[in-house]
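This report concerns only the one structure given below.
Protein chains: 6
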Amino acid sequence: MKASPYYQETGNEIALYEAAYAARLPVMLKGPTGCGKSRFVEYMAWRLKKSLISVACNEDMTASDLLGRYLLEPQGTRWLDGPLTTAVRTGAICYLDEVVEARADTTVVIHPLTDHRRQLPLDKCGVTLTAHEDFQLVISYNPGYQSVLKDLKQSTKQRFVGFDFDYPAPAQEARIVATESGLPMDTAALLVRIAEAARRLKGHGLDEGISTRLLVYAATLMQRGVAPVEACRMALVRPLTDDADIRATLDHAITAVFA
Amino acid sequence: MKASPYYQETGNEIALYEAAYAARLPVMLKGPTGCGKSRFVEYMAWRLKKSLISVACNEDMTASDLLGRYLLEPQGTRWLDGPLTTAVRTGAICYLDEVVEARADTTVVIHPLTDHRRQLPLDKCGVTLTAHEDFQLVISYNPGYQSVLKDLKQSTKQRFVGFDFDYPAPAQEARIVATESGLPMDTAALLVRIAEAARRLKGHGLDEGISTRLLVYAATLMQRGVAPVEACRMALVRPLTDDADIRATLDHAITAVFA
Amino acid sequence: MKASPYYQETGNEIALYEAAYAARLPVMLKGPTGCGKSRFVEYMAWRLKKSLISVACNEDMTASDLLGRYLLEPQGTRWLDGPLTTAVRTGAICYLDEVVEARADTTVVIHPLTDHRRQLPLDKCGVTLTAHEDFQLVISYNPGYQSVLKDLKQSTKQRFVGFDFDYPAPAQEARIVATESGLPMDTAALLVRIAEAARRLKGHGLDEGISTRLLVYAATLMQRGVAPVEACRMALVRPLTDDADIRATLDHAITAVFA
Amino acid sequence: MKASPYYQETGNEIALYEAAYAARLPVMLKGPTGCGKSRFVEYMAWRLKKSLISVACNEDMTASDLLGRYLLEPQGTRWLDGPLTTAVRTGAICYLDEVVEARADTTVVIHPLTDHRRQLPLDKCGVTLTAHEDFQLVISYNPGYQSVLKDLKQSTKQRFVGFDFDYPAPAQEARIVATESGLPMDTAALLVRIAEAARRLKGHGLDEGISTRLLVYAATLMQRGVAPVEACRMALVRPLTDDADIRATLDHAITAVFA
Amino acid sequence: MKASPYYQETGNEIALYEAAYAARLPVMLKGPTGCGKSRFVEYMAWRLKKSLISVACNEDMTASDLLGRYLLEPQGTRWLDGPLTTAVRTGAICYLDEVVEARADTTVVIHPLTDHRRQLPLDKCGVTLTAHEDFQLVISYNPGYQSVLKDLKQSTKQRFVGFDFDYPAPAQEARIVATESGLPMDTAALLVRIAEAARRLKGHGLDEGISTRLLVYAATLMQRGVAPVEACRMALVRPLTDDADIRATLDHAITAVFA
Amino acid sequence: MKASPYYQETGNEIALYEAAYAARLPVMLKGPTGCGKSRFVEYMAWRLKKSLISVACNEDMTASDLLGRYLLEPQGTRWLDGPLTTAVRTGAICYLDEVVEARADTTVVIHPLTDHRRQLPLDKCGVTLTAHEDFQLVISYNPGYQSVLKDLKQSTKQRFVGFDFDYPAPAQEARIVATESGLPMDTAALLVRIAEAARRLKGHGLDEGISTRLLVYAATLMQRGVAPVEACRMALVRPLTDDADIRATLDHAITAVFA
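Protein chains in written order, with my numbering: chain A, 266 to 524; chain B, 266 to 524; chain C, 266 to 524; chain D, 266 to 524; chain E, 266 to 524; chain F, 266 to 524.
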């Protein structure tokens with residue numbers, strides 16, 4: 266068995282997920298970029314001793330990218346299972362990351378898998394698979410993104426139970442940053458203070474707050490000897506925005522903490 | 266023969282469907298998400314001892330996905346029937362779920378099947394099939410969704426007889442929830458009371474009411490030991506909406522019932 | 266020879282069609298959904314002892330769907346005639362139903378067939394066919410549908426002689442409904458009265474009137490023992506509209522007649 | 266040699282075309298639907314003893330439809346010349362009917378053919394053809410149609426010399442109608458009077474006037490025994506318009522002449 | 266060696282081009298339709314003794330049309346170089362005519378060829394070509410056409426040195442017209458006077474002025490015996506515009522000169 | 266080893282990049298056209314002794330262009346790695362130039378490569394690659410271009426550390442221009458003065474300032490004997506703009522310096 270992936274529980278989400286998995290209920294993970302949704306599903310798959318198959322969804326993805334396709338070979342065409350079909354056959358947890366980005370045919374494909382039928386019709390093969398008893402479907406969804414034009418239909422949403430994710434509490438986030446970067450706890454806590462300031466700008470010039478991942482980046486650069494102000498500019502400011510005012514506000518927060 | 270699928274009649278829809286099937290009239294099932302349309306057609310297929318072939322329609326589906334396509338094999342191309350063609354040949358009931366999502370070519374393909382001709386032209390094979398005498402076409406349609414841009418044409422609509430579906434009456438819905446989840450009837454009735462409150466919000470912040478399916482999800486989680494308020498939030502609130510006001514209103518309804 | 270298809274003449278359209286066919290003039294049939302255009306062309310083909318090849322046009326149909334395509338076989342590619350090419354070669358009547366739904370390349374393909382040339386260029390084969398002397402082209406067209414965006418070009422329209430179709434006169438429509446369903450004439454006449462009321466709503470909430478086909482559906486259900494009001498709701502109301510006011514008006518017309 | 270196609274000169278267009286052909290200048294024929302542009306180019310090809318290759322352009326036509334494509338055969342892929350390539354190789358006159366309907370790649374393909382180079386690059390074969398010395402390009406263009414969105418670019422237009430076409434003068438048009446239908450000259454003249462009335466409606470409810478072709482249709486039906494008013498409605502009114510006012514005006518003109 | 270193509274220098278563009286070629290700088294030719302840009306690059310290629318490969322760009326052209334593609338053959342797929350790849354390998358001058366018409370992937374493909382790298386990545390072959398030392402890229406661009414929607418990006422523009430082209434000075438243009446058509450100089454000068462009048466209408470009803478090419482067309486027709494006014498209408502008026510006022514103005518200019 | 270590519274450091278970007286590379290953090294290079302971003306990554310790859318694989322992104326590029334595709338061969342289909350897959354397998358630095366131009370599926374493909382997973386799922390092969398330990402992803406991004414419609418999503422941005430690039434300081438830019446063109450330093454400094462004037466027009470009629478690359482072009486032409494004013498017009502004015510006012514302003518700056 267692989268070593269346990271690192272995951273810090275923030276509430277009772279582990280027990281709740283175990284209950285959902287026990288009933289094989291489809292699960293929807295909601296929350297902002299880089300707050301740990303992918304880590305959580307990796308951790309749960311490890312904990313439940315199930316394989317995990319992840320798919321990063323995008324608007325050019327077709328149903329064939331999930332289900333599979335025919336390949337041409339010397340002996341004629343051969344069917345190659347896609348990641349969803351593999352998960353359905355082998356009893357893995359299938360994680361569709363940012364499913365709302367996918368086109369309509371991708372999201373409808375999961376309908377018969379997410380009601381009492383638990384079936385996957387492979388029309389191109391002329392067969393309908395019944396899901397392995399261990400199979401579960403998990404999707405992620407970032408509520409900050411969805412517009413009227415691009416949202417899941419209610420007939421899709423009403424097939425899932427939901428988990429809300431958010432940035433960890435300050436002490437816990439500092440511990441994550443310190444653990445992942447090797448930076449001392451007290452310095453990591455300073456980075457979290459900058460993130461807290463930046464997250465208050467969400468909706469006032471920033472589309473999203475600074476993610477935990479970017480804090481780990483800044484901490485990693487500092488561990489490698491980059492000056493704190495420089496490391497914060499590289500990891501916490503420049504990737505996020507080109508707006509001069511917002512950059513100035515963030516720079517001010519950084520120098521207030523580190524200079 | 267398979268065991269009877271679970272279905273609770275809410276009116277005289279079984280007899281009416283039998284009359285429509287006896288005359289092989291094409292059938293349109295109308296109603297909101299998760300209120301039992303798919304279950305009804307599964308039940309009727311079982312009752313009439315016919316095969317059922319279901320297709321979840323989507324906007325990227327082409328006529329070929331219904332009719333079939335040529336596969337390349339060592340001996341050249343081979344034709345593979347699609348689900349509609351299979352149903353037409355073998356005398357199955359073909360159920361096109363959410364047909365309005367499909368592209369125009371999909372909906373026009375069913376025209377010659379749904380008038381006195383009962384024929385399916387397979388232009389790519391150069392043949393026209395006459396439907397097996399047991400074949401029937403059933404489509405579903407969610408009136409809450411249709412916009413001016415995406416609706417069936419009158420020349421398609423006027424080929425079907427219609428059935429209206431809605432959420433079951435409270436006592437009946439509680440019985441369904443209890444049967445499917447194992448929860449006691451009186452607790453199931455509490456969940457139905459929450460759904461009734463939520464359904465009054467339709468058009469006032471919610472696009473659709475809470476489906477019976479989600480009530481079964483909440484009940485299933487409670488059966489697995491999840492606290493009622495937590496189970497309701499997971500199954501009845503988070504999947505539906507991210508609007509803070511609507512969430513508060515729903516939370517209030519939940520705590521009024523369970524806390 | 267097949268038995269005569271059922272067709273009730275409403276004017277002198279049979280003689281006029283025979284004159285148009287004698288000169289092989291291309292024909293355009295105009296009129297609302299389900300009023301008998303397809304039946305008329307079937308009847309005329311039977312009467313003139315010509316084959317009929319029908320194509321339900323749609324917006325995803327390409328010129329290849331009409332003309333034909335290459336199939337890959339062990340001996341290389343093989344050409345397969347499409348329905349229009351078959352009709353041109355064999356001298357059939359080719360009926361393009363709702364041709365305005367087709368894409369531009371489909372409608373332009375028929376230009377050289379519908380002027381003095383009577384030719385069909387098959388560019389993909391490198392040949393130009395001259396139509397069999399019995400070949401005739403017939404198209405249908407629903408004037409209620411056409412928008413500025415989707416209409417035939419004048420250069421296409423000015424290649425046809427036109428026939429106007431409408432719902433039959435009441436006595437005649439009752440006779441059609443009775444003949445096709447087996448219902449007594451006086452009950453069929455009651456259904457026609459409901460249709461007359463509904464057709465007055467066209468343009469005042471209904472896009473199209475109730476078709477003769479739907480009356481036959483209602484009559485068929487009544488013949489199978491369904492109560493008249495129930496049969497009318499299934500066949501005449503639910504498929505047409507979800508507007509509560511229009512539904513109430515139609516229900517009122519039904520109960521005034523049958524309750 | 267084939268019999269001379271029927272063509273009535275209306276000015277000195279034959280001599281002018283011969284001068285343009287002698288210098289192999291590309292030619293653009295302009296004028297309304299059904300006024301004889303296609304006939305003229307057929308006649309000139311016959312007169313100049315050159316082959317004519319006609320292509321009805323449409324908005325889904327690709328450059329490959331003009332140039333040619335590779336076919337898969339047992340010996341691998343084989344190139345099949347398209348109609349333009351055939352004309353370029355064999356020295357035919359290539360007539361692109363309604364070229365403005367074609368997509369951009371079709372119109373740009375003709376650029377190197379229509380300047381001093383007279384070349385056709387076949388990029389997919391890796392060769393550039395120099396046109397046969399007899400090759401000439403002719404396009405047609407209906408000025409009534411062009412919108413800002415769909416027009417030839419100046420860099421395309423400035424590669425042609427232009428001919429204007431219009432409906433023939435009344436006496437001449439009557440002679441054409443009589444010749445093509447067999448109707449007596451004086452009756453044909455009555456049909457032309459109706460057309461003159463209708464053409465005054467252009468821009469006042471009619472997009473285009475009645476074409477000479479439709480007059481020939483009406484005359485043909487009358488020759489086959491159809492009553493004049495009926496024949497005119499079939500050929501001159503119904504194909505053109507569904508507007509009740511315009512139909513009444515046209516009917517009035519018809520009955521004024523024939524009733 | 267081929268005979269020198271005809272080109273009349275209007276300034277010192279030949280020496281400037283030679284300097285740009287000596288440093289292999291990419292070149293952008295700007296100017297209106299038919300003023301000699303293509304001729305200039307043909308002439309320079311001849312003068313520098315380099316091959317010239319021209320591509321008429323269009324909005325449906327893909328990167329594969331420039332780079333090359335795989336063909337299926339009995340021995341499997343075979344790569345066929347596109348025109349740009351051929352130029353890069355063999356050291357030709359590659360001339361992309363009206364490059365702004367091409368799609369984004371076509372214009373980006375030339376980026377690594379037009380900076381210090383001079384490389385062409387052929388991703389589909391898995392190789393990156395370094396350009397032959399004689400290779401040069403030339404593009405043309407008509408400033409009168411570009412809209413906000415369709416323009417080269419600054420990151421593309423800033424890879425070229427530019428040449429401005431315009432119609433030749435009157436005496437020189439008359440000499441070109443006389444040389445190419447065989448018409449006497451003084452008559453050619455009259456045609457240029459008409460062109461000067463027409464070019465003043467640019468922006469006042471005409472999108473572009475009359476090109477030198479069209480003057481050559483008119484002169485050619487006159488040389489073949491067509492009357493001057495008729496020749497001017499065919500070559501200078503009808504191809505350009507259907508606007509009655511502009512046509513009258515141009516006719517006035519023609520009769521003022523020739524009648 | 267290849268000779269060192271020419272790169273002039275403008276701050277401490279070399280040390281910062283080395284820190285980012287040491288931790289294998291994904292890097293985003295921001296700055297205007299032609300200011301040296303591509304050069305910097307080439308230099309760093311040389312300095313770190315890693316291979317560099319560059320891809321010029323464009324809006325028609327698909328995920329397959331990055332990942333690879335199946336080729337048809339006599340022995341059946343064969344997989345060909347795309348440039349990103351090659352970099353992931355072999356431990357190269359992969360540079361996606363102007364990544365924001367690419368379609369959504371291209372940008373999402375890099376997600377699992379740019380978090381703790383460092384994996385590349387090749388769904389079409391049914392495998393997931395773990396990146397070689399030397400692999401690093403670098404993207405470039407021009408902030409001046411991004412509109413609301415075309416921008417990286419926050420969930421993509423928050424996977425990178427950022428570097429800001431701008432035009433070099435005057436003395437340094439003159440040194441670059443002199444080194445690359447062979448022009449004397451003092452003359453190169455004059456060119457930089459023109460660029461400084463032009464860059465002040467950014468946002469006042471110019472979308473972007475004059476790039477260092479164009480200064481090198483002008484200097485190269487001058488080195489080849491082209492007069493300074495002429496060289497500046499060719500390299501610094503004509504490629505940038507067709508606006509007469511801006512051209513006059515730029516000409517004024519040029520003559521002020523060189524005339």
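Each residue gets a CB set at the ideal place from its N, CA and C atoms; glycine is no exception. Note that the coordinates shown come from a computational prediction; the quantities given were computed from them, not determined experimentally.
| Asked | Found |
| --- | --- |
| Say whether chain B places a C-beta atom closer than 7 Å to the C-beta of leucine 515(A). | no |
| In three-state DSSP terms, what is tyrosine 286(A)? | helix |
| With DSSP as the reference, label glutamine 273(D) as helix, strand or coil. | coil |
| Which one of Tyr272(D), Pro348(D) and Asp330(D) has the shortest CA to CA distance from tryptophan 311(D)? | Tyr272(D) |
| Taking a contact to mean a Cβ-Cβ separation below 7 Å, would you say arginine 424(A) touches threonine 379(A) in this structure? | yes |
| Please classify glutamine 488(B): does DSSP put it in a helix, a strand, or coil? | helix |
| Would you call the segment 430–439 of chain F and the segment 487–501 of chain F touching, i.e. three or more CB-CB distances under 8 Å? | no |
| Does any residue of chain E have a CB that is nearer than 7 Å to the CB of threonine 298(F)? | yes |
| Near valine 413(D), which residues of its chain fall below 8 Å by C-beta distance, leaving aside the five closest residues on each side in sequence? | Its pLDDT being 47, under 50, valine 413(D) is placed unreliably by the model, and nothing is read from it. |
| By DSSP, does methionine 293(F) sit in helix, in strand, or in coil? | strand |
| Beta-carbon separation of phenylalanine 428(E) and alanine 352(E) under 7 Å? | no |
| Between glycine 301(C) and chain D, is there a C-beta pair that is closer than 7 Å? | no |
| Which residues bound the beta strand (DSSP E) around glutamine 401(C)? | 401–406 |
| Taking Cβ-Cβ distances shorter than 9 Å, what residues in chain C pair up with valine 502(B)? | The premise fails here: valine 502(B) is roughly 28 Å from chain C at the closest Cβ pair, so nothing lies under 9 Å. |
| Taking the alpha-carbon positions, what's the glutamate 461(D) to isoleucine 475(D) distance? | 8 Å |
| Look up leucine 317(E) in the DSSP assignment and give the residues it is bridged to. | Ile358(E) |
| How is tyrosine 335(E) classed by DSSP in three states: helix, strand or coil? | strand |
| For alanine 367(D), count neighbouring C-beta atoms within 10 Å of its own C-beta (all shown protein chains included) and say buried if the count is 16 or more, exposed if not. | buried |
| Runs of 4 residues minimum, wholly inside the segment 359–398 of chain C: which ones carry the alpha helix (DSSP H) assignment? | 369–374 |
| Cβ atoms of leucine 313(F) and lysine 302(F): under 7 Å apart, would you say? | no |
| According to DSSP, is threonine 514(B) part of a helix, a strand, or is it coil? | helix |
| Just the chain E side, please: which residues come within less than 9 Å of serine 405(D) by C-beta, in chain order? | Near serine 405(D) there are no residues of chain E at all, since even the closest Cβ is about 13 Å away, more than 9 Å. |
| Given that a residue counts as buried once 16 or more other Cβ atoms are within 10 Å of its Cβ, and exposed if not, what is alanine 463(C)? | buried |
| Would alanine 321(D) pass as an interface residue toward chain C - the criterion being a Cβ-Cβ separation below 7 Å? | yes |
| My understanding is that leucine 501(C) touches leucine 471(C), with C-beta atoms under 8 Å, so please give their C-beta distance in whole angstroms. | At roughly 11 Å, the Cβ-Cβ gap does not stay under 8 Å, so leucine 501(C) and leucine 471(C) are not in contact. |
| Measuring only the C-alpha atoms, how far is threonine 275(A) from methionine 309(A)? | 14 Å |
| Against chain E, does aspartate 388(D) count as a neighbour if the rule is that its beta carbon must be under 7 Å from one of theirs? | yes |
| If I'm right that valine 442(B) touches valine 457(B) with Cβ under 8 Å, what's the distance once you round it to whole angstroms? | 7 Å |
| Tell me the residue span of the beta strand (DSSP E) that contains valine 426(E). | 426–429 |
| Given a limit of 8 Å on CB to CB distance, which residues of the segment 412–437 of chain E reach chain F? | Lys418, Gln419, Ser420, Lys422, Gln423, Arg424, Phe425, Val426, Gly427, Phe428 and Asp429 |
| Exposed or buried, serine 269(C), counting other C-beta atoms within 10 Å across all chains shown (16 or more means buried)? | exposed |
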